[in-house]
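Colleague:
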Amino acid sequence: MNSDNETQFGSNIPITQWAEEDRPREKMIAQGKKSLTDSELIAILLRTGVRGASAIDLAKQLLIRANGRLSNLSRLEVSELQSNICGLGEAKAVTVLAALELGNRMLRESKDAHEDIIKNSDDLFHYIAPTLIDLNNEEFWAVYLNNRNKVVSMRRISAGGYTETPVDIRQLFCYALESKAVAVAVAHNHPSGNLKPSQADKDLTKHIDDAGKILKIKLIEHLIVGIRPDGKPDYYSFSECGLL
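Residues in the sequence shown are numbered consecutively from 22, following the working numbering.
Listed below in structure tokens is the structure:
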């Protein structure tokens, strides 16, 4: 459908007849990308609307579906977007999710551009969050460190379901020995956004810590990461809470 047929929500005015400063593409060119709202940026990705709804309308519907949070939107699948937004085609859904994934990869890229030193839980969170924060299933990762707390490698230990993932401690320390690591930090995500550790989480942390002491590979941190119900990315630190 040609963009000339896009209309404002609740009206029959084509976007081409809007004031130039109100058109997303023209607004970006004239005022810069920072001037655009989330819905306007998404509308540029969508390019065109559908019958009865402009690209702006579709973008607003997408954000409503995600409770106004881009982080929530990035966690949806193509099929979920299509089933919830009337008229949204596969190509448009793929384009939006691809753009959000590029944003996540940009965070990883900036993380990889310098020497990574894990000095505290906040360092670990910013290092591991781009990998875990928007997953719909639980995954357990280990970050291996040298004697300067510099990251020497990072490995996914397991992937599970929505509420749990099994962890093979032998495999976790096998990777540590391969990396010649002297310390390890671990993290897993809670897709529900409830960051409180379960008893199983606490037991697992103790088992990893005990095994590390035998091998003289110190467990320095265990984080649970996730997106809280208010949309804020956050973490629970076992060390900060005295459980490690």
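Don't be surprised by glycine CBs; every beta carbon is placed ideally from N, CA and C.
Does the separation of the CB atoms of I139 and L166 fall below 9 Å?
Modeller: Numbered from 1 along the sequence shown, position 118 holds the residue referred to as residue 139. Numbered from 1 along the sequence shown, position 145 holds the residue referred to as residue 166. Contact: yes.
Colleague: Please state if the CB of L83 and the CB of V117 are separated by a distance shorter than 9 Å.
Modeller: Numbered from 1 along the sequence shown, position 96 holds the residue referred to as residue 117. Numbered from 1 along the sequence shown, position 62 holds the residue referred to as residue 83. Yes, these two residues count as a Cβ contact at 9 Å.
Colleague: So, under 8 Å CB-CB, H209 and E242 are touching, yes? Tell me the CB distance rounded to an integer number of Å.
Modeller: Against the sequence shown, residue 209 aligns to sequence position 188. Against the sequence shown, residue 242 aligns to sequence position 221. Going by Cβ atoms, the distance from H209 to E242 rounds to 12 Å, so no, they are not a contact pair.
Colleague: State yes or no: is the C-beta of L118 nearer than 8 Å to some heavy atom of the ligand ZN?
Modeller: Absent from the structure shown: the ligand ZN. Ligands present: none.
Colleague: Nearest by alpha-carbon distance to G168: which of I178, L240, Q220, A221 is it?
Modeller: Here the question's residue 168 lines up with position 147 in the sequence shown. A small fix is needed here, since residue 168 is Asn in this sequence, not Gly. Of the listed residues, the one whose Cα sits closest to N168 is L240.
Colleague: Terminal residues of the continuous alpha helix (DSSP H) containing D59?
Modeller: In the sequence shown, the residue the question calls residue 59 occupies position 38. Run containing D59: 59 to 67, per the alpha helix (DSSP H) assignment.
Colleague: When DSSP labels each residue in this structure, what does Y165 get in the three-state scheme?
Modeller: For this step, residue 165 is matched to residue 144 along the sequence shown. It is a strand residue.
Colleague: Kindly confirm or deny that the region 243 to 252 and the region 92 to 105 touch, where touching means at least three C-beta pairs closer than 8 Å.
Modeller: Enough Cβ pairs lie closer than 8 Å, so yes.
Colleague: List the whole-angstrom C-beta distance separating V207 from W162, where the pair is believed to meet the contact cut-off of C-beta under 8 Å.
Modeller: In the sequence shown, the residue the question calls residue 207 occupies position 186. In the sequence shown, the residue the question calls residue 162 occupies position 141. That belief holds up - the Cβ atoms of V207 and W162 are roughly 7 Å apart, short of 8 Å.
Colleague: Does A80 pass the burial test, meaning 16 or more other C-beta atoms within 10 Å, or should it be called exposed?
Modeller: Locating residue 80 in the sequence shown gives position 59, where the first residue counts as 1. Buried: at least 16 other Cβ atoms inside 10 Å.
Colleague: Per DSSP, G247 forms a beta bridge with which residues?
Modeller: Numbered from its first residue, the sequence shown carries residue 247 at position 226. DSSP output for G247 lists D255 as bridge partner(s).
Colleague: Relative to the alpha-carbon of N125, which residue among V203, P151, A112, A64 has its alpha-carbon at the smallest distance?
Modeller: Residue numbering aside, residue 125 sits at position 104 when the sequence shown is read from its first letter. When each option's Cα is compared against that of N125, the closest is P151.
Colleague: So what does A119 bridge to, in DSSP terms?
Modeller: One-based indexing of the sequence shown puts residue 119 at position 98. According to DSSP, A119 bridges with nothing at all.
Colleague: Which same chain residues end up closer than 6 Å to Y196 when comparing Cβ atoms and leaving out the 5 residues on each side of it in sequence?
Modeller: On the sequence shown, position 175 is the one that residue 196 refers to. Counting only Cβ-Cβ distances below 6 Å, and skipping sequence neighbours, we find R176.
Colleague: Do you know whose CA, among D144, K48, A114, Y257, lies nearest E61's CA?
Modeller: Numbered from its first residue, the sequence shown carries residue 61 at position 40. Comparing Cα-Cα distances from E61 to each of D144, K48, A114, Y257, the minimum goes to K48.
Colleague: Going by DSSP, what residue range makes up the alpha helix (DSSP H) through V99?
Modeller: One-based indexing of the sequence shown puts residue 99 at position 78. Note, V99: alpha helix (DSSP H), 99 to 105.
Colleague: On the CB-based measure, 16 or more other CB atoms within 10 Å of its CB, does L153 come out buried or exposed?
Modeller: Position 132 of the sequence shown, counting from 1, holds the residue named residue 153. With 16 or more Cβ atoms within 10 Å of its Cβ, L153 is classed as buried.
Colleague: Take the Cβ of P315 as the centre, count every other Cβ of all protein chains shown within 10 Å, and call the residue buried at 16 or more, exposed below.
Modeller: Beyond the ends of the chain as shown, which are 22 and 265, falls residue 315; an answer cannot be given.
Colleague: Out of G233, P218, K234, which has the shortest C-alpha to C-alpha gap to G263?
Modeller: Counting from 1 along the sequence shown, the entry for residue 263 is found at position 242. Per the Cα distances, P218.
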